[in-house]
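As they're listed, the protein sequences go chains A and B. Each number in the working numbering corresponds to the 1-based position in the first sequence with 119 added. Each number in the working numbering corresponds to the 1-based position in the second sequence with 146 added. Glycine included, C-beta positions come from ideal geometry on N, C-alpha and C. Written below as structure tokens is the structure these notes are about.
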Amino acid sequence: MSLRIFRYLPFAIAGLVLPQAAFAHEQVGLGGGLVSGFLHPLTGIDHLIAMVAVGIWGAQLGAPAIWVLPITFPLVMAIGGVLGILHVPLPMPEVMIALSALILGAAVAVRMRLPFAAAAAVVAVFAIFHGYAHGAELPKSANPLAYGVGFVVSTGLLHLCGITIGTLTRWPAGERLIQGLGVVIAMLGGYFLALSLGAVA
Amino acid sequence: MNIRLGRGLIAAAVLLAQASPAEAHIVAARLGDFYAGALHPLTDLQDVILWGAMGVLGGTLGAARGRWLVLVFPLGLLAGLALGQDFEITLTGSTVDAGMVLVLGLLLATAVRIPTVALCALAFALAVIRGMANATDLGPETDRLLFAAGLACSGYAVITLVMALVLAFRGADTSVPTSWRKITLQALGGWIAAIGLMMVGYSLAS
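Put into structure tokens, the structure is as follows:
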């Protein structure tokens with residue numbers, strides 16, 4: 120490229136840096152609802168690691184869990200969401216969410232082989248508590264429908280992320296890596312459990 | 147890269163960086179109400195979700211069944227618009243909308259092969275209800291014919307394009323129940339049903 124091109128660079132830079140509309144305060148209306156719903160499962164580390172662990176465990180269990188979980192999990196979670204919206208009291212939701220990360224992480228770490236029905240039941244119980252926590256926030260959001268869309272898409276993508284990580288089980292080194300990840304998730308779950316029980320400050 | 151191409155790229159970059167909304171006010175133009183009718187449903191998330199889900203359902207059931215929606219859906223929108231405007235009948239409401247999202251999501255998630263008649267009835271009912279919903283925002287100065295034409299064209303385009311995309315994505319082989327494409331569409335149905343279920347809960351709570 121000729122050096123003459125640099126003569127024009129200042130004009131290009133000037134064009135790029137000239138002020139545009141700031142679009143600040145985006146947490147309102149449709150966009151605000153979408154953003155808050157999408158970020159809600161991502162900003163809570165306990166939710167995030169548990170959702171990824173569900174995907175990894177599903178991949179470890181193989182068929183039919185690997186394809187049943189992405190289809191049914193959001194629905195079961197939505198049942199919990201409805202309970203949260205209706206303010207139906209559930210026992211110790213924060214403790215159960217932390218416990219879900221601990222147990223799902225441990226299941227991944229030891230490559231726990233449960234019958235499909237038992238694994239689905241374990242995941243369903245935890246899904247209700249996770250959905251409950253998200254659903255409780257829905258009525259306060261800028262746009263409840265957009266919040267619901269954002270939260271469901273975000274959760275689904277976290278599962279997909281977990282399933283993708285879980286495909287590493289095809290290789291022996293990948294399997295060990297995933298089991299190590301399960302240990303980390305279980306330890307984080309243990310920390311959040313201790314936190315929710317008030318054992319640590 | 148030659149110098150002309152470099153200059154052209156820089157000029158294009160400057161033009162793109164400077165581009166701002168056109169502010170053409172097409173709604174105020176001669177055919178403005180046509181554009182208003184076409185764009186009105188596309189700016190409403192409920193319409194976007196419901197129309198999209200209907201198109202996905204039509205696509206998953208195959209071209210032979212889905213092609214009826216190309217005709218039925220726009221006609222339903224027109225019927226709903228007429229009912230809402232002329233007879234002031236409204237069946238709209240957040241619970242009705244949420245219930246429809248839930249039903250469409252469940253049909254997709256369970257991959258039920260509903261008959262063509264049932265699919266057409268469902269699409270027509272959905273289109274009538276959404277047509278009524280769109281009629282509520284018609285002002286006295288709006289050209290109803292142009293608005294209706296825009297709404298019907300929009301419904302036709304969205305349903306046809308979504309079904310075509312789903313048919314292309316699904317591919318020819320749908321006999322394998324664990325085909326990843328089929329599972330993806332079912333998972334999408336699970337997501338849609340989850341959204342519908344939560345909105346049913348929200349509308350009952352509020």
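Contact check, residue i vs residue j, beta carbons under 7 Å
| i | j | result |
| --- | --- | --- |
| VAL258 (chain B) | GLY222 (chain B) | no |
| ALA269 (chain B) | LEU227 (chain B) | no |
| HIS249 (chain A) | MET196 (chain A) | yes |
| HIS159 (chain A) | PHE245 (chain A) | no |
| PRO220 (chain B) | ALA298 (chain B) | yes |
| ALA216 (chain A) | GLY254 (chain A) | Residue identity check: residue 216 (chain A) is Ile in the sequence provided, not Ala. Cβ distance not < 7 Å, so ILE216 (chain A) and GLY254 (chain A) don't count as in contact. |
| ALA255 (chain B) | GLN332 (chain B) | yes |
| ALA265 (chain A) | GLY152 (chain A) | yes |
| GLY281 (chain A) | VAL187 (chain A) | no |
| ALA184 (chain B) | GLY277 (chain B) | no |
| ASP179 (chain B) | ASP289 (chain B) | yes |
| ALA271 (chain B) | GLN231 (chain B) | no |
| VAL227 (chain A) | TRP176 (chain A) | yes |
| VAL272 (chain A) | VAL173 (chain A) | no |
| LEU252 (chain B) | ALA199 (chain B) | no |
| ILE156 (chain B) | ALA169 (chain A) | no |
| MET164 (chain A) | GLY199 (chain A) | The sequence shown places Ile at residue 164 (chain A), not Met. No, Cβ-Cβ distance for ILE164 (chain A) and GLY199 (chain A) is not below 7 Å. |
| VAL216 (chain B) | THR306 (chain B) | yes |
Best match in the options for proximity to residue i [C-alpha to C-alpha]
| i | options | result |
| --- | --- | --- |
| VAL214 (chain A) | A:LEU233, A:TYR251, A:ALA292 and A:GLY151 | A:TYR251 |
| TYR181 (chain B) | B:LEU196, B:GLY205 and B:SER300 | B:SER300 |
| PRO183 (chain A) | B:GLY208, B:ALA339, B:SER352 and B:ILE329 | B:ILE329 |
| ILE338 (chain B) | A:GLY267, A:GLY281, A:ALA318 and A:ARG289 | A:GLY267 |
| GLY335 (chain B) | B:ARG276, B:ARG150, B:GLY205 and B:ILE149 | B:GLY205 |
| TRP353 (chain B) | B:VAL249, B:VAL308, B:ILE260 and B:ILE149 | Nothing can be reported for residue 353 (chain B): it is not among the residues displayed for chain B, which extend from 147 to 352. |
| SER315 (chain A) | A:GLN179, A:GLY199 and A:ALA220 | A:ALA220 |
| GLY285 (chain A) | A:LEU218, A:ALA178, A:PRO208 and A:ALA292 | A:ALA178 |
| ALA351 (chain B) | A:HIS206, A:ALA169, A:VAL241 and A:ILE198 | A:HIS206 |
| VAL304 (chain B) | B:ARG316, B:LEU203, B:GLY317 and B:VAL249 | B:LEU203 |
| VAL218 (chain B) | B:ARG327, B:ALA267, B:ILE260 and B:ARG150 | B:ALA267 |
| THR162 (chain A) | A:LEU287, A:ALA292, A:THR274 and A:ALA318 | A:THR274 |
| THR262 (chain B) | B:ASN148, B:ARG327 and B:LEU207 | B:LEU207 |
| LEU265 (chain B) | B:ALA225, B:PRO286, B:GLY201 and B:ALA340 | B:GLY201 |
| LEU223 (chain A) | A:PRO208, A:PRO210 and A:ALA240 | A:ALA240 |
| GLY317 (chain A) | A:MET211, A:PRO129, A:MET231 and A:VAL154 | A:MET211 |
| LEU229 (chain B) | B:ILE341, B:LEU177, B:LEU284 and B:GLY152 | B:LEU284 |
| LEU177 (chain B) | B:ILE260, B:GLY317 and B:LEU291 | B:LEU291 |
| TYR302 (chain B) | B:GLY342, B:ARG150, B:ARG327 and B:LEU224 | B:LEU224 |
| GLY123 (chain B) | B:SER240, B:SER325 and B:PRO286 | Chain B is shown only over 147 to 352; residue 123 (chain B) falls outside these bounds and no answer can be derived. |
| SER155 (chain A) | A:LEU300, A:GLU256 and A:LEU287 | A:GLU256 |
- Can you list the beta strand (DSSP E) stretches of 3 or more residues lying completely in the stretch 187-251 of chain A, in chain order? Taken in chain order, the complete beta strand (DSSP E) segments of 3 or more residues contained in the stretch 187-251 of chain A number zero; there are none.
- Item | Cβ pair count under 8 Å reaching 3, the stretch 241-253 of chain B against the stretch 342-351 of chain B | yes
- Task: Evaluate contact between the stretch 300-319 of chain A and the stretch 183-196 of chain A, counting only Cβ atoms and requiring at least three cross-stretch pairs below 8 Å.
- Result: no
- contact_flag[the stretch 306-316 of chain A, the stretch 282-298 of chain A] where n(CB pairs < 8 Å) is 3 or more: no
- Item | Three-pair Cβ contact test at 8 Å for the stretch 147-163 of chain B versus the stretch 253-261 of chain A | no
- Within the chosen definition, does the stretch 209-216 of chain B reach the stretch 307-314 of chain B through at least 3 CB pairs nearer than 8 Å? By the Cβ criterion, the stretch 209-216 of chain B is in contact with the stretch 307-314 of chain B, since at least three pairs of Cβ atoms, one from each stretch, lie closer than 8 Å.
- Task: Output the residue ranges of the alpha helix (DSSP H) runs that lie fully inside the stretch 228-304 of chain B and measure 4 residues or longer, sorted by chain position.
- Result: 240-256 and 262-281
- Query: Could you give the uninterrupted runs of the alpha helix (DSSP H) lying entirely in the stretch 247-298 of chain A, keeping only those of 4 residues or more?
  - Reply: 263-285
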